[in-house]
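With my numbering, the residue at position 107 of the sequence shown is 124, and numbering never jumps.
What follows is a short report on a single structure.
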Amino acid sequence: MEDIIVQKYGGSSLETIDKIKNVAKRIVKTKLSGNSLIVVVSAMGKTTDNLISMAGEICTEPAPREMDMLLSTGEQMSMSLLAIAIQCMGYNAISLTGSQCGILVYSDYSNARIGNIDTKRLKGELSKDNIVIVAGFQGENSDGDIVTLGRGGSDTTAVALAAAVNAKKCEIYTDVDGIYTTDPRIVHRAKLLKDISYDEMLELAKLGAKVLHPRAVEIARNFNVPLVVRSSLNNSEGTKVRETVSMEKAIVRGITLDKDIAKISILEVPDRPGIAYNIFSKICEANIGIDMIIQNVHRNAVNDISFSVKSQDLNKALKITKDICKEINAKEVVSDNTVVKLSIVGTGIMGDPSVITLFFETLYNLGINLEMISTSEIKISCIINDYKAEEAVNELHSKFKLDE
Ligand code: ADP
Ligand code: ASP
Ligand code: MG
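Below is the structure:
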């Protein structure tokens, strides 16, 4: 078999029939240059959001299984339309759902992880000279049900397939020219990066740079998949995500703003052992990811505990937290959905005092109050109010000389 290339086209690249026809032309061009081709697609434009709001009009808490059945149809629409467009140009193409493509997943609905990929069917179709179009963002669980991989999960499908067939590269096509120093829609001076290390990209993705799904980066790193992010609208080279990128000193590589965050605080919690265990074990049991946690020490044997969750989990987390609040005799629970998480990322930045100082000084000069802070060797994050957040990203971008 020829060298295999995996390409993934995001929703913005497949938004209209004209865009689908344009993508079909690009795919045929790659095929004609002598490659076996697997193409992963997302749902057209805002289809997934629209499906979610349709279900929301019927029921406030739709069953997760039915939501996954519903959301998986978005990708199925794109895959067949794209296969039809390629066939119409006179080339062989076949569309496959995640399950037909052998993608077996485990764990929960709406946030499944890929466990194994049985590549028999996929390789069989490639050997018949078919361009294989795969529905991203979905797989089959042990009950034979369709399960989705979490928002933005088509990137993960693409990289996992590239790893499974040992593809020579995985190209992620999107609506910007590659990975920038920050979201180019927030900072117009953002600079396109020629390359970025897996570790830095993983951190940026986890912290909200939605250009790549974090698990896609994790798989690319673990299986050494050559990964490129580029535009579906032009021929610019894009950004390579690779093992190491040479740098003389620790520098800030990127800034992220995650607007998908909410904060919950439990006030006047009795100060005794086992309380944190009680609270967070119940939140985790409900499969809610917790991000930052802070505890303010008070006098009189009580303190406040605050933590952040994804906005979509806020209602579920609040319900559980309010029950626990009664149980442990705390005063009350308050929440805030107007917060965002602002972060800077770069290898070794926490070891550089000048970076730490400049970060906090810049936010201080803007009069921004920091509600929570967390750091690792490679990032500094803080939770702030969304008012002034974009201004902060712009200012940090200049102060750290990312425009240059
Ligand atoms: P797709 O539909 O192709 O999957 P997404 O909307 O998921 O596209 O991701 C692309 C978007 O990610 C861009 O339009 C951009 O606004 C946003 N983005 C956020 N941070 C960055 C960054 N550092 N570099 C590039 N794009 C970014
Ligand atoms: N369509 C899904 C979403 O909107 C998956 C993806 O686009 O990668 O989240
Ligand atoms: Mg995406």
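Virtual Cβ for every residue (Gly too), placed ideally from N, Cα, C.
Everything numeric in this text was worked out from a predicted model, so none of it was measured.
Practice problem: Please list, in chain order, all residues of the same chain as Asp403 whose beta carbon is under 8 Å from its beta carbon, the five residues on each side excluded. | Solution: On the sequence shown, residue 403 is found 386 positions in, with the first residue counted as 1. So the list reads Lys276, Thr355, Val356, Val357, once near-sequence residues are dropped.
Practice problem: Using beta-carbon positions only, say whether Ala180 and Val242 come within less than 8 Å of one another. | Solution: By one-based count along the sequence shown, residue 180 stands at place 163. By one-based count along the sequence shown, residue 242 stands at place 225. It is a contact, given that the beta carbons lie within the stated cut-off.
Quiz item: How far does the alpha helix (DSSP H) with Asp340 in it reach, from first residue to last?
Solution: Indexing the sequence shown from 1 puts residue 340 at position 323. Note, Asp340: alpha helix (DSSP H), 331 to 345.
Quiz prompt | Thr165: CB within 7 Å of a non-hydrogen atom of the ligand ADP | solution = Locating residue 165 in the sequence shown gives position 148, counting from the first residue. Incorrect: Thr165 has no Cβ contact closer than 7 Å to the ligand ADP.
Exercise. Return yes when the C-beta of Asp172 is under 7 Å from any heavy atom of the ligand ASP, and no when it is not.
Key: Translated into the one-based positions of the sequence shown, residue 172 becomes position 155. Yes, the Cβ of Asp172 comes within 7 Å of a heavy atom of the ligand ASP.
Self-check item: Inter-stretch contact (C-beta, 8 Å, three-pair minimum) for the region 121 to 138 and the region 151 to 165
Solution: yes
Quiz prompt | Beta-carbon spacing of Ile305, Cys342 below 8 Å | solution = Walking along the sequence shown from the start, residue 305 turns up at place 288. Walking along the sequence shown from the start, residue 342 turns up at place 325. Taking 8 Å as the Cβ cut-off, Ile305 and Cys342 do not qualify as a contacting pair.
Quiz item: Starting from Pro370 and walking both ways along the alpha helix (DSSP H), at which residues does that stretch end?
Solution: For the purposes of this step, residue 370 is identified with residue 353 of the sequence shown, where counting begins at 1. Per DSSP, Pro370 belongs to the alpha helix (DSSP H) from 370 to 382.
Self-check item: Alpha-carbon to alpha-carbon, Asn109 and Ile278
Solution: By one-based count along the sequence shown, residue 278 stands at place 261. By one-based count along the sequence shown, residue 109 stands at place 92. Each residue's Cα considered, the two are about 44 Å apart.
Quiz prompt | Close beta carbons around Ser95, own chain, < 7 Å, minus the five adjacent residues each side | solution = Counted from its first residue, the sequence shown places residue 95 at position 78. Within the same chain, Ser95 has close Cβ partners Leu31, Val58, Ser59, Ala60, Met61.
Quiz item: Which residues in the same chain have their Cβ closer than 8 Å to the Cβ of Ser89, if we skip the five residues on either side of it in sequence?
Solution: Here the question's residue 89 lines up with position 72 in the sequence shown. For Ser89, where only same-chain residues beyond five positions count, the Cβ hits under 8 Å are Thr114, Gly115, Ala152, Phe154, Gln155, Ile163, Thr165.
Practice problem: Would you tell me roughly how many angstroms separate the C-alpha atoms of Ser171 and His230, rounded to the nearest one? | Solution: Position 154 of the sequence shown, counted from the first residue, corresponds to residue 171. Position 213 of the sequence shown, counted from the first residue, corresponds to residue 230. Approximately 8 Å between the Cα atoms of the pair.
Exercise. Name the one or two DSSP bridge partners that Pro287 has.
Key: Indexing the sequence shown from 1 puts residue 287 at position 270. DSSP lists Val319 as partners of Pro287.
Quiz item: Heavy atom of the ligand MG less than 7 Å from the Cβ of Gly27, yes or no?
Solution: Mapped onto the sequence shown, residue 27 falls at position 10. Checking every heavy atom of the ligand MG against the Cβ of Gly27, one is found closer than 7 Å.
Quiz prompt | Reference Ser360; option with closest CA among Thr392, Lys348, Gly368 | solution = Sequence index remark: in the sequence shown, residue 360 carries index 343 (1-based). Nearest C-alpha to Ser360: Thr392.
Quiz prompt | Distance, Leu54 Cα to Asn332 Cα | solution = Locating residue 332 in the sequence shown gives position 315, counting from the first residue. Locating residue 54 in the sequence shown gives position 37, counting from the first residue. Rounded to whole angstroms, Asn332 to Leu54 spans 43 Å at the Cα level.
Exercise. Give the single residue among Thr379, Ser248, Lys348, Leu221 whose Cα lies nearest to the Cα of Ile395.
Key: Locating residue 395 in the sequence shown gives position 378, where the first residue counts as 1. Comparing Cα positions, the closest option is Leu221.
Quiz item: Under the three-state reduction of DSSP, which class applies to Phe324: helix, strand or coil?
Solution: The sequence position of residue 324 within the sequence shown is 307, counting from 1. Phe324 falls in the strand class under three-state DSSP.
Quiz item: Would you say Ser29 and Thr136 are within 8 Å of each other, going by their C-beta atoms?
Solution: As a first step, residue 29 must be located in the sequence shown, where it is residue number 12. As a first step, residue 136 must be located in the sequence shown, where it is residue number 119. No, the pair does not count as a contact, with Cβ atoms beyond the cut-off.
Quiz item: So the alpha helix (DSSP H) Asp172 belongs to, where does it begin and stop?
Solution: Counting from 1 along the sequence shown, the entry for residue 172 is found at position 155. 171 to 181 is the extent of the alpha helix (DSSP H) around Asp172.
Quiz item: What does a CB cutoff of less than 8 Å around Leu219 pick up in its chain, not counting 5 residues either side in sequence?
Solution: In the sequence shown, the residue the question calls residue 219 occupies position 202. Around Leu219: Pro231, Val234, Glu235, Arg238.
Quiz item: Of the residues Leu413, Ser325, Leu335, which one's Cα is nearest the Cα of Ile390?
Solution: Translated into positions along the sequence shown, residue 390 becomes position 373. Checking every option, the nearest Cα to that of Ile390 belongs to Ser325.
Practice problem: Starting from Asp216, follow the alpha helix (DSSP H) in both directions and report where the run begins and ends. | Solution: Counting from one through the sequence shown, the residue named residue 216 turns up at place 199. Looking at the DSSP string, the run of the alpha helix (DSSP H) that includes Asp216 is 215 to 223.
Exercise. Name the one or two DSSP bridge partners that Arg130 has.
Key: Residue mapping note: residue 130 aligns to position 113 of the sequence shown, counting from 1. Beta-bridge pairing links Arg130 to Tyr123.
Quiz item: Is it buried or exposed for Asn158, if we count other Cβ within 10 angstroms and need 16 for buried?
Solution: Locating residue 158 in the sequence shown gives position 141, where the first residue counts as 1. Flag for Asn158 reads buried.
Quiz item: Got a sec: does the ligand MG put a non-hydrogen atom nearer than 7 Å to the Cβ of Gly141?
Solution: Here residue 141 refers to the residue found at position 124 of the sequence shown. Not under cutoff, so the answer is no.
Quiz item: Less than 8 Å separating the beta-carbons of Ile213 and Thr256?
Solution: Walking along the sequence shown from the start, residue 213 turns up at place 196. Walking along the sequence shown from the start, residue 256 turns up at place 239. In this structure, Thr256 lies closer than 8 Å to Ile213 by Cβ.
Self-check item: Secondary structure of Tyr108, DSSP reduced to three states
Solution: What you label residue 108 is simply residue 91 of the sequence shown in a count that begins at 1. In this structure, Tyr108 counts as coil in the three-state DSSP scheme.
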